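Structure first, commentary second.
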Amino acid sequence: MVVCVLNDPGGFILGLEDFDCCLSCWRSGLIVHESGLLEARLAIHGSHVIPSEIKSLLKSGKLSTKAMPVGRFNELHQDYVCSCALRVARELLAILPDDLVIVTALDNVLNSSTGHVEELPILSVAFSRITLNSLNLDAIDPSDAMKNEEGPVLDSVLARRIARAHGWVRTGARIRDRVDQLAHAHFRAHEEEQLGTFFWPASLQSDSAVVFRRPGDDDSVRSLVEICLQELAALVG
0 MVVCVLNDPG GFILGLEDFD CCLSCWRSGL IVHESGLLEA RLAIHGSHVI PSEIKSLLKS
60 GKLSTKAMPV GRFNELHQDY VCSCALRVAR ELLAILPDDL VIVTALDNVL NSSTGHVEEL
120 PILSVAFSRI TLNSLNLDAI DPSDAMKNEE GPVLDSVLAR RIARAHGWVR TGARIRDRVD
180 QLAHAHFRAH EEEQLGTFFW PASLQSDSAV VFRRPGDDDS VRSLVEICLQ ELAALVG
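Numbering follows numbering that gives the first Met the number 0, in which position 69 of the sequence shown is assigned residue number 68; successive positions increment by one, without gaps.
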């Protein structure tokens with residue numbers, strides 16, 4: 000049993016840590032924000048989990064070993080990160096009365112401004128109980144689920160997040176162009192003058208389905224240019 004003591008974040012976290020249910024990686028950090036919203040910060044250690052080599056058996060019976068292509072490594076790393084986030088969110092919501100939790104994944108990436116490898120956030124998602132319960136977790140693609148968890152998303156924001164998920168600190172023109180190309184092929188795009196392109200997940204088929212996504216804490220506050228007109232209309236409607 001987890002005992003939630005009001006106005007006692009420390010006791011709340013200790014109660015969770017004594018509950019042996021979740022992945023060991025989320026024990027790297029639990030934060031209760033002033034709003035009462037819980038954030039689990041998990042250390043991914045992707046380079047220790049995703050293999051750096053691909054091994055296959057040749058017709059001759061010999062073992063062939065090749066270096067893992069960078070693109071394939073990034074795909075596996077992204078799916079692993081998203082899978083961890085989904086599992087931690089699911090298990091936290093299973094033992095908590097809360098309807099919303101934040102899961103932030105951290106991994107070692109190169110900070111190009113310092114030249115050092117640092118543990119930095121590469122994914123942060125606010126999981127709602129309603130949305131998570133609506134997912135068929137046995138059949139979904141973890142990465143696609145993250146895209147559907149939030150939206151509409153501005154093109155520049157989407158490119159920045161995907162770059163960080165792959166361990167890239169900067170988002171260059173080539174990355175933005177590639178993300179834009181793929182997003183146009185898989186999501187509904189809506190151009191807004193002076194702002195850019197907002198990509199809508201498949202679950203949002205009409206403007207009336209959009210709701211205003213309130214920030215769970217100060218770190219989740221979006222600038223006005225990152226919010227589409229339909230979401231602003233839902234706020235005042």
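Think of the CB as a built atom: it goes at the ideal place given N, C-alpha and C, for glycine as much as any other residue. Given the structure is predicted, the values throughout are model-derived calculations rather than measurements.
Of the residues the options, the one placed nearest residue i, counting alpha carbons only
| i | options | result |
| --- | --- | --- |
| Ala66 | Ser55, Gly60, Val116 | Ser55 |
| Gly35 | Arg159, Asp78, Asp97 | Asp97 |
| Val152 | Ala182, Ile129, Gly171, Ser82 | Ala182 |
| Glu190 | Leu92, Arg89, Glu225 | Glu225 |
| Ser142 | Val48, Pro50, Asn73 | Asn73 |
| Lys187 | Glu90, Ala88, Asp154, Glu118 | It is Arg, not Lys, that sits at residue 187 in the sequence shown. Ranking Glu90, Ala88, Asp154, Glu118 by Cα distance to Arg187 puts Asp154 first. |
| Glu117 | Arg175, Ala42, Pro68 | Ala42 |
| Gly70 | Asp78, Leu57, Ala232 | Asp78 |
| Leu157 | Trp199, Phe126, Ala125 | Trp199 |
| Leu119 | Ala162, Glu90, Arg128, Ile94 | Ala162 |
| Arg89 | Leu62, Phe126, Arg173 | Phe126 |
| Asn107 | Leu95, His47, Ile94, Arg177 | His47 |
| Leu194 | Ser222, Ala232, Ala233 | Ser222 |
Span separating the alpha-carbon of residue i from that of residue j
| i | j | result |
| --- | --- | --- |
| Cys227 | Phe197 | 7 Å |
| Met145 | Ser133 | 14 Å |
| Val87 | Ser59 | 44 Å |
| Cys24 | Ile101 | For Cys24, the predicted model reports a pLDDT of 49, less than 50, meaning its position is unreliable; a value from the coordinates is still stated below. In a straight line, the C-alpha of Cys24 is about 15 Å away from that of Ile101. |
| Leu75 | Asp179 | 21 Å |
| Glu230 | Arg159 | 21 Å |
| Arg128 | Ile49 | 30 Å |
| Leu99 | Ser82 | 18 Å |
| Ile174 | Ala184 | 16 Å |
| Asp176 | Val124 | 24 Å |
Residue-level contact to chain C via CB, residue i, 8 Å cutoff
| i | result |
| --- | --- |
| Val102 | In summary, chain C is missing from the structure at hand, where a single protein chain is found. |
Beta-bridge partners of residue i, as assigned by DSSP
| i | result |
| --- | --- |
| Lys54 | Thr64 |
| Ile30 | Glu38 |
| His115 | Asn110 |
| Val100 | Leu37, Phe126 |
Beta-carbon spacing of residue i, residue j below 8 Å
| i | j | result |
| --- | --- | --- |
| Leu122 | Ala84 | yes |
| Leu92 | Arg40 | no |
| Gly45 | Val80 | yes |
| Glu33 | Thr103 | no |
| Ser51 | Leu57 | no |
Three or more C-beta pairs below 8 Å linking the segment 131-138 and the segment 105-123: no
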